[in-house]
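Residue numbers (the working numbering): 139 to 503. A quick write-up on the structure given underneath.
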């Protein structure tokens, strides 16, 4: 074990596959956020468009839940989409939803102007929140920006079923759209980098057999996301690739060469073949032991971030939470692992469940 590290040092060492003083504990978006908002005496709508509110909520969440990183923007996956024309329904106590798409077809790709990212008040708010976090937390905590991959962003600008049909019937138009969205993503990443993020957490959950074939993922996801990741890393910033899909193309995800892969369930097809288990069925149950085997992902030599099942929260079973933590920590590699949930902890998670989570983690650190 190394000497006591700061949260940022611990997080960075794990990303770089180096020794840590203890296993880092990662936080996604705004997990169990209602408890934080209640302590702030605020509603989601009060802080959604406030840089100070976003930063204050993240700092308070860390004080309450003890994780080693903070993240902005949190929860909402519509920041870039709003900047590019998607209309939103803003909710008092939950994340916004889409009220209207700016595109009815990929053929309207020329309506997307990447420079709108630089002129967006919503982007300014998020970027300013990163600056506040940097000022308040200095170099003690790993500060994470959050964004979408180009293909994920496309599904927030054009209704997803239409997008997927046009990936088969109007390929050239979809590629033109993705070219513009890649530039949009790069401009957004540059704003986050300029403001001082240590890493960028990229939602790439569309890279999954639940939506399309590996060939389609290789054509429409891989080149554009790879360009984005390389741009971020060439600027000295870490990339955490998030894919919580049950049938994610993890080998393809690893080929993007992120610094970490945040995953939820593991490669169920590989595990099924290897262990002779009907993994798809088993994974629907909390506490499936084979799910904790990381061996098929370890081979890629990338830091792994996971794998606590967020479905164990809000179910009135503290034992399930303890079991998830124990199972993940027991199976984790000695280097290159950040303990976290595979996706966001529900906003409505009770404080006592978050306290159980931390109690289950802390004695083993």
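By construction, the Cβ of each residue, glycine as well, lies at the ideal position given by its N, Cα and C atoms. Owing to the predicted nature of the structure, the values given are computational and were not obtained by experimental measurement.
Buried/exposed call for residue i, threshold 16 Cβ in 10 Å
i           : result
residue 329 : buried
residue 445 : buried
residue 307 : exposed
residue 470 : buried
residue 303 : exposed
residue 439 : exposed
residue 318 : buried
residue 427 : Legend: pLDDT at residue 427 = 45, less than 50; position of this residue unreliable, value from coordinates given subsequently. It is exposed - the Cβ of residue 427 has fewer than 16 other Cβ atoms within 10 Å.
residue 235 : exposed
residue 462 : buried
residue 156 : exposed
residue 294 : buried
residue 388 : buried
residue 447 : buried
residue 310 : exposed
residue 393 : exposed
residue 472 : exposed
residue 518 : Examination of residue 518 is not possible in this model, given that the chain is present from 139 through 503 alone.
residue 351 : exposed
residue 490 : exposed
residue 405 : At residue 405 the pLDDT is 47, less than 50, meaning the model places this residue with poor confidence and gives no usable figure here.
Residue i - DSSP class collapsed to helix/strand/coil
i           : result
residue 436 : helix
residue 358 : helix
residue 297 : coil
residue 495 : helix
residue 307 : helix
residue 250 : coil
residue 320 : helix
residue 207 : strand
residue 504 : The question about residue 504 has no answer here: the residues shown for the chain are numbered 139 through 503.
residue 225 : strand
residue 481 : coil
residue 373 : coil
residue 302 : helix
residue 176 : helix
residue 341 : strand
Residue nearest to residue i in terms of C-alpha spacing, selected from the options
i           : options            : result
residue 287 : 457, 155, 379      : 379
residue 261 : 192, 498, 472      : 192
residue 300 : 173, 479, 244      : 244
residue 211 : 195, 164, 205      : 195
residue 154 : 447, 442, 382      : 442
residue 238 : 492, 265, 224      : 224
residue 256 : 342, 285, 272, 222 : 222
residue 362 : 351, 321, 353, 388 : 321
residue 343 : 271, 401, 309, 325 : 401
residue 382 : 254, 455, 209, 482 : 482
residue 364 : 333, 270, 397      : 397
residue 158 : 465, 313, 489, 477 : 477
residue 186 : 170, 228, 208      : 228
residue 455 : 465, 285, 466, 494 : 494
residue 475 : 489, 436, 188, 250 : 436
residue 297 : 258, 327, 242      : 242
residue 259 : 467, 231, 218      : 218
Distance CB(residue i)-CB(residue j) smaller than 8 Å
i           : j           : result
residue 376 : residue 336 : yes
residue 206 : residue 240 : no
residue 280 : residue 174 : no
residue 198 : residue 178 : yes
residue 500 : residue 460 : no
residue 492 : residue 165 : no
residue 282 : residue 324 : no
residue 390 : residue 356 : yes
residue 250 : residue 189 : no
residue 359 : residue 327 : no
Neighbourhood of residue i by C-beta distance below 8 Å, restricted to the same chain and skipping five residues each side
i           : result
residue 277 : 144, 146
Neighbourhood of residue i by C-beta, 6 Å cutoff - its chain only, sequence neighbours within 5 removed
i           : result
residue 213 : 167, 168, 233
residue 385 : 346, 347, 348
residue 290 : 341, 344
residue 496 : 204
Chain-order list of residues whose beta-carbon lies under 7 Å from that of residue i (same chain, five-residue window excluded)
i           : result
residue 373 : 331
residue 486 : 172, 452
residue 371 : 377
residue 292 : 301, 315, 316, 319
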